[in-house]
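Engineer:
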Ligand SMILES: O=C(O)CCC(=O)C(=O)O
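Residue numbers (my numbering): 1 to 257.
1) Cβ-heavy atom distance between residue 187 and ligand 1 below 6 Å?
2) Suppose contacts are defined by Cβ-Cβ distances below 7 Å. Is residue 107 in contact with residue 187 by that definition?
3) Would you list, in sequence order, the uninterrupted beta strand (DSSP E) runs of no fewer than 3 residues that lie entirely inside the segment 10-98?
4) So, at 8 Å on beta carbons, what are the nonlocal neighbours of residue 190 in its own chain, with the 5 sequence-adjacent residues on each side left out?
5) Does the distance between the C-beta of residue 30 and the nearest non-hydrogen atom of ligand 1 fall short of 6 Å?
6) List, from N- to C-terminal side, the alpha helix (DSSP H) runs of 4 residues or more that fit wholly inside the segment 90-142.
7) At a cut-off of 6 Å, would you count residue 12 as near ligand 1, judging by its Cβ distance to the nearest heavy atom?
8) Who are residue 241's beta bridge partners in DSSP?
9) With the cut-off set at 7 Å, would you say residue 198 and residue 115 are in Cβ contact?
10) Can you give the Cα-Cα distance for residue 192 and residue 229, rounded to whole angstroms?
11) Given 6 Å as the limit, tell me if residue 96 has its C-beta closer than that to any heavy atom belonging to ligand 1.
12) Let me check you understand the geometry: is the CB of residue 140 closer than 6 Å to at least one non-hydrogen atom of ligand 1?
13) Taking the beta strand (DSSP E) that residue 223 falls in, what are its first and last residues?
14) How long is the line joining the alpha carbons of residue 41 and residue 5, rounded to whole angstroms?
15) For residue 205, which three-state DSSP category applies?
16) Between the alpha carbons of residue 182 and residue 238, how many angstroms are there, rounded?
17) Can you name, in chain order, every residue of its own chain whose Cβ lies under 7 Å from the Cβ of residue 78, other than the five neighbours on each side?
18) Helix, strand or coil for residue 186, going by three-state DSSP, please let me know.
19) In chain order, what residues of the same chain lie with their CB nearer than 8 Å to the CB of residue 44, ignoring the 5 residues before and after it?
20) Does the contact criterion of 3 or more C-beta pairs under 8 Å hold for the segment 142-151 versus the segment 202-214?
21) Considering Cα atoms alone, identify which of 205, 32 and 231 is closest to residue 245.
22) Among residues of its own chain, excluding the 5 on either side of residue 164, which ones have a beta-carbon nearer than 6 Å to its beta-carbon?
23) Tell me which residue opens and which closes the alpha helix (DSSP H) that residue 156 is part of.
24) Would you call the CB atoms of residue 222 and residue 89 closer than 7 Å?
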């Protein structure tokens, strides 16, 4: 990570890594996503909450080796470590694609309703862009610097779904990865285009906070058998403290009920 990237994460709350996903991996991830969408049909995304006018998938750590490579990419984990110093774990791996020709806008939110606490920042979302993110197709918006405000958009704004005067649209070609301190106010915009806007969300959280999806229960035996010790740790499979805090507060979203 360069000094400039570190500064962007600190000051704006996000950094873009252009061309991070190789063309081969991009094709593989797109094909894998479509395979899972087709296999799951109406059940797609059912391990988590449903979002209107949006195709979602959840629990992707259980659904293919390519996804395990995504969550454990060493370079990305270094960026995550700059947002969440010390130990962290995967909270969830989801896919999200706002439906084409839709007016649906996600309200600005902090992931899992997270405000920084006395130990600092504890959430980081890494968006793997599988299509170009454009002004027409529902690019993510972020309000720069809002990760330091310690306030919820739903408390501070009359309408968190309305455009914010300071928001930045995260515009970038397919193959880019965005690392976002998701205490920052952010959300998906409307996909008014006729085409897809697919991405993966690899969500990481500090070791002492709940996972968004309880990986130990959600992973099949076949997936668990192939996990390296590093992946077991990242997924908090053997972590009894994680089991307790996660089961006490499961499936938390910053805006979905
Ligand atoms: O997909 C996006 O553009 C952002 C999604 C997001 O923030 C969420 O689903 O919590």
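Yeah, the Cβ is synthetic: ideal placement off N, Cα and C, and Gly gets one too.
Note that the structure is predicted; figures quoted are calculated from it, not measured.
Structural biologist: This is what the structure gives:
1) Yes, since a heavy atom of ligand 1 falls inside the 6 Å radius drawn around the Cβ of residue 187.
2) Their beta carbons are under 7 Å apart, which means residue 107 touches residue 187 by this criterion.
3) Counting only runs that start and end inside the segment 10-98, the beta strand (DSSP E) elements of at least 3 residues fall at 14-17, 54-57 and 88-98.
4) The beta carbon of residue 190 is closer than 8 Å to those of 98, 102, 103, 104, 105 and 138 in its chain, skipping five residues each way along the sequence.
5) Residue 30: no, Cβ never under 6 Å from ligand 1.
6) For the segment 90-142, not a single whole alpha helix (DSSP H) run of length 4 or above is found.
7) Answer for residue 12: no, Cβ out of range of ligand 1.
8) Paired residue(s): none; residue 241 is not in a bridge.
9) Pairing residue 198 with residue 115 gives a Cβ-Cβ distance that is not under 7 Å.
10) Take the alpha-carbon of residue 192 and the one of residue 229: they are about 44 Å apart.
11) Yes, the beta carbon of residue 96 sits closer than 6 Å to at least one heavy atom of ligand 1.
12) Result yes, Cβ under 6 Å from ligand 1.
13) Following the DSSP letters along the chain, one finds residue 223 in no beta strand (DSSP E) but inside the alpha helix (DSSP H) bounded by residues 221-225.
14) Spanning the two alpha carbons is a distance of roughly 39 Å.
15) Of the three classes helix, strand and coil, the one that applies to residue 205 here is strand, per DSSP.
16) Rounded to the nearest angstrom, the two C-alpha atoms are 26 Å apart.
17) Excluding positions up to five away in sequence, the list reads 1.
18) Secondary structure of residue 186 (DSSP, three-state): strand.
19) Same-chain partners within the cutoff: 36, 37, 55, 56 and 57.
20) In short, these stretches do not touch, since the Cβ pair count stays below three.
21) When each option's Cα is compared against that of residue 245, the closest is 205.
22) Closer than 6 Å at Cβ, skipping near neighbours: 143.
23) Segment 153-156, the alpha helix (DSSP H) holding residue 156.
24) Cβ atoms of residue 222 and residue 89: not closer than 7 Å.
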